[in-house]
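A.B. asks:
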Amino acid sequence: MSYNYWQGKKIRLRALEEKDASFFQTYDDEIMRRLDEIQLPETSEQIIEWIQKEQNPKTEDQFFWIAEDVDGNVIGEISTSQCKRRHGTFKYGIALSRNYQGKGYAKEMILLVLRYFFMELRYQKVTPHVYAFNEPSIKLHERMGFVREGQLRNMVYTNGQYYDAIFFGMTKQEYESLYGDYFD
Numbered sequence: 001m002s003y004n005y006w007q008g009k010k011i012r013l014r015a016l017e018e019k020d021a022s023f024f025q026t027y028d029d030e031i032m033r034r035l036d037e038i039q040l041p042e043t044s045e046q047i048i049e050w051i052q053k054e055q056n057p058k059t060e061d062q063f064f065w066i067a068e069d070v071d072g073n074v075i076g077e078i079s080t081s082q083c084k085r086r087h088g089t090f091k092y093g094i095a096l097s098r099n100y101q102g103k104g105y106a107k108e109m110i111l112l113v114l115r116y117f118f119m120e121l122r123y124q125k126v127t128p129h130v131y132a133f134n135e136p137s138i139k140l141h142e143r144m145g146f147v148r149e150g151q152l153r154n155m156v157y158t159n160g161q162y163y164d165a166i167f168f169g170m171t172k173q174e175y176e177s178l179y180g181d182y183f184d
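So in our numbering, spot 112 of the sequence shown is number 112, and the numbers just go up one at a time.
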């Protein structure tokens, strides 16, 4: 089978570039809160410095991608973390610009990363977490067939209160069963 790992039906993933600094300045407080926390305003130079650090990952399989739609518009980002080759487990984080939410882009971003990690890097399980206030992401993971594996109480403080972290999991076998022919 011949295909491009980074090209889906609606989007393509590409490497993070310094020109993406302007994209990150469009994130509002709600998008930042869903990622982890509201950040202080940053200058373009500070964002470029952060991009340069992200271009040199901390571990071999820690990656950061920019997602573009078919017209080349930057729509979001997805990155991997806590990549444990010995155990075959990893996490990811994802964010979409508000105009692109709820249109199937996040699902495809996730599936492109899972396909690469499961089919090329030999990982066997992904374990993302979602904060309890992020109902759209919870519903997305449930619809995609992720298993809700646990919940840690009071893991993040934002907007004046504490929220739980909900942990999801999907194995390579589950991915193959649900999405093995998705990109065919």
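Beta carbons: idealized from backbone N, C-alpha and C, even for Gly.
Taking only the alpha-carbon atoms, compute the straight-line gap between Tyr123 and Gly169 and give it to the nearest angstrom.
C.D. replies: Translated into the one-based positions of the sequence shown, residue 123 becomes position 123. Translated into the one-based positions of the sequence shown, residue 169 becomes position 169. Whole-angstrom Cα-Cα distance: 13 angstroms.
A.B. asks: How should Pro41 be labelled, buried or exposed, when 16 other C-beta atoms within 10 angstroms of its C-beta is the threshold for buried?
C.D. replies: For the purposes of this step, residue 41 is taken as the residue at position 41 of the sequence shown. Per the 10 Å Cβ criterion, exposed.
A.B. asks: What's the gap between the Cα of Glu68 and the Cα of Ser137?
C.D. replies: Residue mapping note: residue 68 aligns to position 68 of the sequence shown, counting from 1. Residue mapping note: residue 137 aligns to position 137 of the sequence shown, counting from 1. Between Glu68 and Ser137, the C-alpha separation is close to 20 angstroms.
A.B. asks: Between the Cα of Thr59 and the Cα atoms of Lys19, Gly72 and Ser81, which residue gives the shortest distance?
C.D. replies: In the sequence shown, the residue the question calls residue 59 occupies position 59. Cα-wise, what sits closest to Thr59 is Ser81.
A.B. asks: Can you tell which of Tyr131, Tyr179 and Gln173 has its C-alpha closest to the C-alpha of Gly88?
C.D. replies: As a working note, residue 88 is residue 88 in the sequence shown. Minimum Cα distance to Gly88 is reached at Gln173.
A.B. asks: Assuming Tyr105 contacts Lys10 (C-beta within less than 8 angstroms), just tell me the rounded distance between them.
C.D. replies: Walking along the sequence shown from the start, residue 105 turns up at place 105. Walking along the sequence shown from the start, residue 10 turns up at place 10. So it is a contact: roughly 6 angstroms between Cβ atoms.
A.B. asks: Grouping DSSP H, G and I as helix and E and B as strand, with all else coil, what is Val113?
C.D. replies: Within the sequence shown, residue 113 is the residue found at index 113, counting from 1. Residue state, collapsed to three classes: helix.
A.B. asks: Got a sec, what are the start and stop residues for the beta strand (DSSP E) Glu68 sits in?
C.D. replies: Within the sequence shown, residue 68 is the residue found at index 68, counting from 1. Note, Glu68: beta strand (DSSP E), Phe64 to Asp69.
A.B. asks: Applying the 10 Å Cβ sphere with the 16-neighbour rule, what's the burial state of Tyr5?
C.D. replies: Translated into positions along the sequence shown, residue 5 becomes position 5. That one is exposed.
A.B. asks: Which word fits Pro128, buried or exposed, when buried means at least 16 other C-beta atoms lie within 10 angstroms of its C-beta?
C.D. replies: Position 128 of the sequence shown, counting from 1, holds the residue named residue 128. The C-beta of Pro128 has 16 or more other C-beta atoms within 10 Å across all chains shown, which makes the residue buried.
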